[in-house]
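Here's the structure we're looking at; comments come further down.
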Amino acid sequence: MTESASQDGTTLIRPEIEAGSLKATEQVDVERKLSIVERISNINSVRKLTVLLVLIVLWEAYTKLAEVEELLFPPFSATLITLWDTIQTGELFEKIWITVAILVQGYVAGMVLGAVLLVFAVMSRVGSDFLSTMTAMFQPLPAISLLPLAILWFDLGAPSLIFVTIHSVLWAVALSTHVGFMSVSMTQRMVGQNYGLRGVSYIAKILVPAAFGSILTGMKIGWAFAWRTIIGAELVFGAQSGKGGLGWMIYEKGDNLETTYVFAALFTVIVIGLLVENFLFRNVEMWTINKWGMQR
Amino acid sequence: MVGTAANSATVPDIDPILDVSGVTLQYKTKEHLITATYRVDFKVFQSDRFVLLGPSGCGKSTLLKGVAGFMKPVEGTMKLKGNVISRPGPDRVMVFQEFDQLLPWKTVKQNITFALLNGGKCSSRGEADDIAMEYIRKVKLERFENTYPHMLSGGMKQRVAIARGMAMEPDILLMDEPFAALDALTRRQMQEELLQLWEDTKFTVLFVTHSIEEAVIIGSRILILSPHPGQVKAELNAHHLGHENVGETEFMALQERIHKMIFADRVLEDEA
Numbered sequence: 492m493t494e495s496a497s498q499d500g501t502t503l504i505r506p507e508i509e510a511g512s513l514k515a516t517e518q519v520d521v522e523r524k525l526s527i528v529e530r531i532s533n534i535n536s537v538r539k540l541t542v543l544l545v546l547i548v549l550w551e552a553y554t555k556l557a558e559v560e561e562l563l564f565p566p567f568s569a570t571l572i573t574l575w576d577t578i579q580t581g582e583l584f585e586k587i588w589i590t591v592a593i594l595v596q597g598y599v600a601g602m603v604l605g606a607v608l609l610v611f612a613v614m615s616r617v618g619s620d621f622l623s624t625m626t627a628m629f630q631p632l633p634a635i636s637l638l639p640l641a642i643l644w645f646d647l648g649a650p651s652l653i654f655v656t657i658h659s660v661l662w663a664v665a666l667s668t669h670v671g672f673m674s675v676s677m678t679q680r681m682v683g684q685n686y687g688l689r690g691v692s693y694i695a696k697i698l699v700p701a702a703f704g705s706i707l708t709g710m711k712i713g714w715a716f717a718w719r720t721i722i723g724a725e726l727v728f729g730a731q732s733g734k735g736g737l738g739w740m741i742y743e744k745g746d747n748l749e750t751t752y753v754f755a756a757l758f759t760v761i762v763i764g765l766l767v768e769n770f771l772f773r774n775v776e777m778w779t780i781n782k783w784g785m786q787r
Numbered sequence: 036m037v038g039t040a041a042n043s044a045t046v047p048d049i050d051p052i053l054d055v056s057g058v059t060l061q062y063k064t065k066e067h068l069i070t071a072t073y074r075v076d077f078k079v080f081q082s083d084r085f086v087l088l089g090p091s092g093c094g095k096s097t098l099l100k101g102v103a104g105f106m107k108p109v110e111g112t113m114k115l116k117g118n119v120i121s122r123p124g125p126d127r128v129m130v131f132q133e134f135d136q137l138l139p140w141k142t143v144k145q146n147i148t149f150a151l152l153n154g155g156k157c158s159s160r161g162e163a164d165d166i167a168m169e170y171i172r173k174v175k176l177e178r179f180e181n182t183y184p185h186m187l188s189g190g191m192k193q194r195v196a197i198a199r200g201m202a203m204e205p206d207i208l209l210m211d212e213p214f215a216a217l218d219a220l221t222r223r224q225m226q227e228e229l230l231q232l233w234e235d236t237k238f239t240v241l242f243v244t245h246s247i248e249e250a251v252i253i254g255s256r257i258l259i260l261s262p263h264p265g266q267v268k269a270e271l272n273a274h275h276l277g278h279e280n281v282g283e284t285e286f287m288a289l290q291e292r293i294h295k296m297i298f299a300d301r302v303l304e305d306e307a
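Chains as they are written, first to last, in our numbering: chain A, 492 to 787; chain B, 36 to 307.
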């Protein structure tokens with residue numbers, strides 16, 4: 492009808508409408524408090540913990556009911572008891588300390604080296620080309636594959652482990668920071684230059700905070716690479732050096748058929764990984780990019 | 036140029052703040068070398084509200100970037116108080132159109148103290164805090180001093196940017212279409228506030244816009260540029276016209292005159 496009306500070039504006149512009384516308030520709950528179950532199930536950590544609990548129950552039930560050989564697959568309870576033992580004797584903390592100390596040294600050294608490379612990359616085109624070529628080459632190379640070379644150069648011991656850790660951190664951080672720097676808005680760059688910032692202070696006061704989201708992503712990826720690399724490197728290496736961290740514990744106890752210890756060590760590796768990811772990095776994010784509205 | 040009454044006024048015998056003479060600016064895109072402005076001359080004096088007006092492509096923003104020191108002219112010179120401009124500096128503060136000119140990792144107050152401390156205006160944090168608060172009060176944002184920029188509206192962000200620029204007390208404040216991204220009502224309010232601030236401190240401002248109305252309201256003197264490349268078409272007086280004159284005959288006449296100047300080329304192009 493409207494079509495025919497508009498074809499004639501006349502407007503179709505319709506009666507006006509005005510609502511009488513509005514009934515929504517009488518017929519539906521405009522606002523209703525959610526039930527306790529609904530509210531609890533809305534909490535992320537509760538849902539995830541439930542998944543975890545179900546898995547643990549399944550694990551315990553399977554090992555008990557199927558009477559699996561404890562040497563091959565110990566039940567959850569036995570793993571927990573061993574974990575408690577190693578905590579009480581202090582063995583676990585000693586291992587964690589050895590691994591984490593090396594990791595932190597490698598991580599920090601990797602970050603410092605990355606920062607130096609990035610300064611050159613920002614200051615000159617040659618530096619930028621150098622950095623992108625190096626990251627393109629080394630980023631796909633698993634750091635662990637450099638371990639034989641590291642042993643050749645630095646012998647067995649902490650320096651070799653630090654060397655591979657640096658490799659696992661450096662390129663991930665450098666790559667995403669570089670990308671982050673390049674995507675800093677032209678306006679913010681000009682604002683920095685306008686107020687007289689140049690060189691290193693320009694990088695530190697404008698580029699780094701403006702690209703902080705990318706830098707954090709790089710640090711997270713770097714951390715994940717480093718953690719995998721160091722545990723893996725210790726597996727190969729602790730075998731000969733005699734004293735090692737968590738990776739070495741996994742290898743040594745596996746060799747001695749102390750499977751509950753292997754599980755306890757794996758459990759620790761997972762827990763530390765989760766803590767760093769969900770606690771440390773999450774908090775840094777909350778206090779920086781979330782607070783600044785750069786990430787929701 | 037036609038000798039009108041305005042042009043016959045005597046040129047003051049004082050040194051200009053900003054002296055742009057014969058400036059040609061070029062920039063490169065991936066495939067082209069573009070001449071943005073060609074031999075542009077103008078002088079800005081103390082307390083001028085000098086407006087660069089023209090259609091898009093007349094190089095007015097490029098010209099402002101040149102004055103700010105982000106671009107070097109291929110020909111001609113730009114002098115600030117007699118010194119040739121060679122690089123960006125806090126004596127010429129720029130207010131941009133984009134809202135992200137406020138650093139998102141700093142609060143309203145920190146954005147201003149950051150400028151004061153790094154720009155060499157203040158040496159102590161306490162002094163910078165005091166000046167920052169003074170200017171935050173001037174733009175009526177004292178309730179938001181500790182707020183991060185992402186929680187502010189567009190108009191409030193621009194107010195902070197203006198406060199930051201003014202707090203530096205630069206020789207000249209450069210404004211690159213600062214109100215273009217605002218809605219019409221907020222824009223009008225911001226124009227009034229800017230003029231009010233000017234009444235208070237009589238700062239010198241170089242203001243870029245593509246709105247004829249805004250140019251007449253804000254400007255005391257208007258430089259009209261032609262497009263592709265930007266060349267000076269006229270330099271007119273508008274110091275006597277403001278918001279209160281909108282719709283009056285004189286205001287309309289000036290608007291109409293500028294309109295004709297800007298669109299004269301287009302008519303010729305269309306006929307050709």
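By construction, the Cβ of each residue, glycine as well, lies at the ideal position given by its N, Cα and C atoms. Predicted, not measured: the structure shown is a model, and the values here were computed from it.
Compute the Euclidean distance between the alpha carbons of residue i and residue j, then round it to the nearest angstrom.
i: methionine 113 of chain B; j: serine 659 of chain A; result: 51 angstroms
i: glycine 94 of chain B; j: methionine 628 of chain A; result: 43 angstroms
i: leucine 232 of chain B; j: asparagine 181 of chain B; result: 23 angstroms
i: alanine 167 of chain B; j: threonine 148 of chain B; result: 6 angstroms
i: valine 79 of chain B; j: serine 623 of chain A; result: 46 angstroms
i: glutamine 81 of chain B; j: valine 267 of chain B; result: 21 angstroms
i: leucine 309 of chain B; j: histidine 278 of chain B; result: One cannot answer for residue 309 of chain B here, as it falls past the ends of chain B, which runs 36 to 307.
i: glutamine 61 of chain B; j: serine 91 of chain B; result: 16 angstroms
i: proline 650 of chain A; j: tryptophan 739 of chain A; result: 16 angstroms
i: glycine 511 of chain A; j: serine 526 of chain A; result: 34 angstroms
i: arginine 160 of chain B; j: leucine 152 of chain B; result: 7 angstroms
i: valine 595 of chain A; j: glycine 736 of chain A; result: 13 angstroms
i: phenylalanine 134 of chain B; j: phenylalanine 772 of chain A; result: 29 angstroms
i: isoleucine 572 of chain A; j: valine 545 of chain A; result: 20 angstroms
i: phenylalanine 672 of chain A; j: glycine 764 of chain A; result: 28 angstroms
i: serine 674 of chain A; j: isoleucine 635 of chain A; result: 31 angstroms
i: alanine 71 of chain B; j: leucine 115 of chain B; result: 21 angstroms
i: serine 246 of chain B; j: lysine 539 of chain A; result: 57 angstroms
i: lysine 156 of chain B; j: methionine 203 of chain B; result: 7 angstroms
i: glutamate 529 of chain A; j: methionine 625 of chain A; result: 52 angstroms
i: proline 264 of chain B; j: glycine 254 of chain B; result: 23 angstroms
i: glutamine 136 of chain B; j: isoleucine 297 of chain B; result: 30 angstroms
i: valine 542 of chain A; j: aspartate 746 of chain A; result: 32 angstroms
i: asparagine 685 of chain A; j: lysine 100 of chain B; result: 11 angstroms
i: glycine 683 of chain A; j: lysine 295 of chain B; result: 40 angstroms
i: phenylalanine 179 of chain B; j: glutamate 768 of chain A; result: 34 angstroms
Do residue i and residue j have their C-beta atoms closer together than 9 angstroms?
i: valine 143 of chain B; j: tyrosine 183 of chain B; result: yes
i: isoleucine 52 of chain B; j: aspartate 83 of chain B; result: yes
i: alanine 701 of chain A; j: proline 139 of chain B; result: yes
i: valine 86 of chain B; j: arginine 292 of chain B; result: no
i: valine 109 of chain B; j: threonine 64 of chain B; result: no
i: leucine 258 of chain B; j: threonine 239 of chain B; result: no
i: isoleucine 589 of chain A; j: lysine 734 of chain A; result: yes
i: glycine 601 of chain A; j: glycine 723 of chain A; result: no
i: glycine 709 of chain A; j: methionine 614 of chain A; result: no
i: glycine 104 of chain B; j: valine 75 of chain B; result: no
i: alanine 150 of chain B; j: valine 128 of chain B; result: yes
Exposed or buried, residue i, counting other C-beta atoms within 10 Å across all chains shown (16 or more means buried)?
i: leucine 217 of chain B; result: buried
i: aspartate 520 of chain A; result: exposed
i: serine 705 of chain A; result: buried
i: lysine 744 of chain A; result: buried
i: glycine 117 of chain B; result: exposed
i: asparagine 535 of chain A; result: exposed
i: aspartate 54 of chain B; result: buried
i: tyrosine 170 of chain B; result: buried
i: tryptophan 575 of chain A; result: exposed
i: alanine 515 of chain A; result: exposed
With a cut-off of 8 angstroms on the beta carbons, I'd call residue i and residue j a contact; round off their distance for me.
i: glycine 57 of chain B; j: proline 262 of chain B; result: Not confirmed; about 19 angstroms, so no contact.
i: alanine 612 of chain A; j: histidine 669 of chain A; result: 6 angstroms
i: leucine 276 of chain B; j: glutamate 285 of chain B; result: 7 angstroms
i: phenylalanine 214 of chain B; j: methionine 201 of chain B; result: So it is not a contact: roughly 15 angstroms between Cβ atoms.
i: threonine 656 of chain A; j: tyrosine 598 of chain A; result: 7 angstroms
i: threonine 751 of chain A; j: alanine 569 of chain A; result: 5 angstroms
i: valine 610 of chain A; j: isoleucine 697 of chain A; result: With a Cβ gap of about 14 angstroms, valine 610 of chain A and isoleucine 697 of chain A do not count as contacting.
i: glutamate 577 of chain A; j: phenylalanine 564 of chain A; result: The sequence shown places threonine at residue 577 of chain A, not glutamate. Not a contact, Cβ separation roughly 19 angstroms.
| Start-end ranges of the alpha helix (DSSP H) lying completely within the region 222-287 of chain B, minimum 4 residues | Correct list: 247-253.
| query | Where in the region 163-207 of chain B do unbroken runs of the alpha helix (DSSP H), each at least 4 residues long, occur, reported from the N-terminal end onward? | reply | You should have 189-202.
| request: Could I get the ranges of all uninterrupted alpha helix (DSSP H) runs contained in the region 555-595 of chain A, with 4 residues as the minimum, in chain order? | output: Within the region 555-595 of chain A, the complete alpha helix (DSSP H) runs of at least 4 residues are 567-580.
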